[in-house]
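Participant: Input: one structure, supplied below.
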Amino acid sequence: MPTVFIIAPDWTLRAGLRAELREHGIDARGMESADEAGRAIASGLIPSVVVLEAVSEIASHPAIESLIERVPAILIASRSETVPLPPVQTVLYRPVRIGEIAARVGELIRRGHAA
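This note's numbering puts the first residue of the sequence shown at 1, with every later residue one more than the last.
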């Protein structure tokens with residue numbers, strides 16, 4: 001079963017996307033911060049895909065930058081906030097539907113980019 005990290009301070013994004021991905025048989029892990037993701041990786045859990053909310057304290061964190069160099073990532077960005085966007089496979093701008101994010105996660109997993 002593929003694992004997806006959803007790293008976002010926005011709990012509604014985390015909860016909604018986790019529920020949708022779990023309906024599709026994906027082990028979706030919601031995390032509020034880069035530190036939570038770091039602890040999960042330190043325990044041996046490596047995601048197949050990362051969904052990342054584009055907020056400066058997360059997107060610019062060195063551990064997150066390292067993670068998205070190795071794992072396909074989808075960035076959820078705001079059109080009104082200016083945050084330097086790291087290089088990722090997909091950038092989706094708000095407002096975005098949970099189903100659209102889940103579909104893109106599924107595409108990345110099906111392409112065989114799983115860790």
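Don't be surprised by glycine CBs; every beta carbon is placed ideally from N, CA and C.
#1: Can we count residue 73 as close to the ligand MN, meaning its CB is less than 7 Å from some heavy atom?
#2: DSSP has residue 35 in a bridge; who is on the other side?
#3: Can you check which of these residues, 102, 24, 58, is closest to residue 34 by C-alpha distance?
#4: What number of angstroms, rounded off, separates the C-alpha of residue 106 from the C-alpha of residue 92?
#5: Quick one, are the C-beta atoms of residue 76 and residue 51 less than 8 Å apart?
#6: Which same chain residues end up closer than 6 Å to residue 14 when comparing Cβ atoms and leaving out the 5 residues on each side of it in sequence?
#7: Look up residue 114 in the DSSP assignment and say whether it is helix, strand or coil.
#8: So the candidates are 55, 27, 28; which of them puts its Cα closest to the Cα of residue 83?
#9: When you compare only the Cα positions, how much space is there between residue 46 and residue 10?
#10: Around the C-beta of residue 111, are 16 or more other C-beta atoms found within 10 angstroms, so that it is buried, or is it exposed?
#11: My output table needs one value for residue 73: the three-state DSSP class, helix, strand or coil.
#12: Alpha carbon to alpha carbon, how far is residue 94 from residue 80? Give it in angstroms, no decimals.
Facilitator: On the basis of the coordinates in this document:
#1: Among the components of this structure there are no ligands whatsoever, and the ligand MN is therefore not found.
#2: As a working mapping, residue 35 is identified with position 35 in the sequence shown. DSSP, once it has assigned bridges, lists no residue as partnering residue 35.
#3: Residue mapping note: residue 34 aligns to position 34 of the sequence shown, counting from 1. If we check each option's Cα against that of residue 34, 58 comes out closest.
#4: For the purposes of this step, residue 106 is taken as the residue at position 106 of the sequence shown. For the purposes of this step, residue 92 is taken as the residue at position 92 of the sequence shown. Their backbone Cα atoms lie some 15 Å apart in a straight line.
#5: In the sequence shown, the residue the question calls residue 76 occupies position 76. In the sequence shown, the residue the question calls residue 51 occupies position 51. Yes.
#6: Along the sequence shown, read from residue 1 onward, the residue named residue 14 stands at position 14. Taken in chain order, the residues that qualify are 6, 8, 30.
#7: On the sequence shown, residue 114 is found 114 positions in, with the first residue counted as 1. Because the pLDDT at residue 114 is just 41, under 50, the model does not fix this residue reliably, and the point stays unresolved.
#8: Walking along the sequence shown from the start, residue 83 turns up at place 83. Measuring from the Cα of residue 83, the nearest candidate turns out to be 55.
#9: As a position in the sequence shown, residue 46 is number 46, starting the count at 1. As a position in the sequence shown, residue 10 is number 10, starting the count at 1. C-alpha separation (whole angstroms): 22 Å.
#10: Taking the first residue of the sequence shown as 1, we reach residue 111 at position 111. When all chains shown are included, residue 111 counts as exposed.
#11: Taking the sequence shown and counting its residues from 1, one reaches residue 73 at position 73. The answer is strand: DSSP assigns residue 73 an E or B state.
#12: For the purposes of this step, residue 80 is identified with residue 80 of the sequence shown, where counting begins at 1. For the purposes of this step, residue 94 is identified with residue 94 of the sequence shown, where counting begins at 1. Rounded to whole angstroms, residue 80 to residue 94 spans 9 Å at the Cα level.
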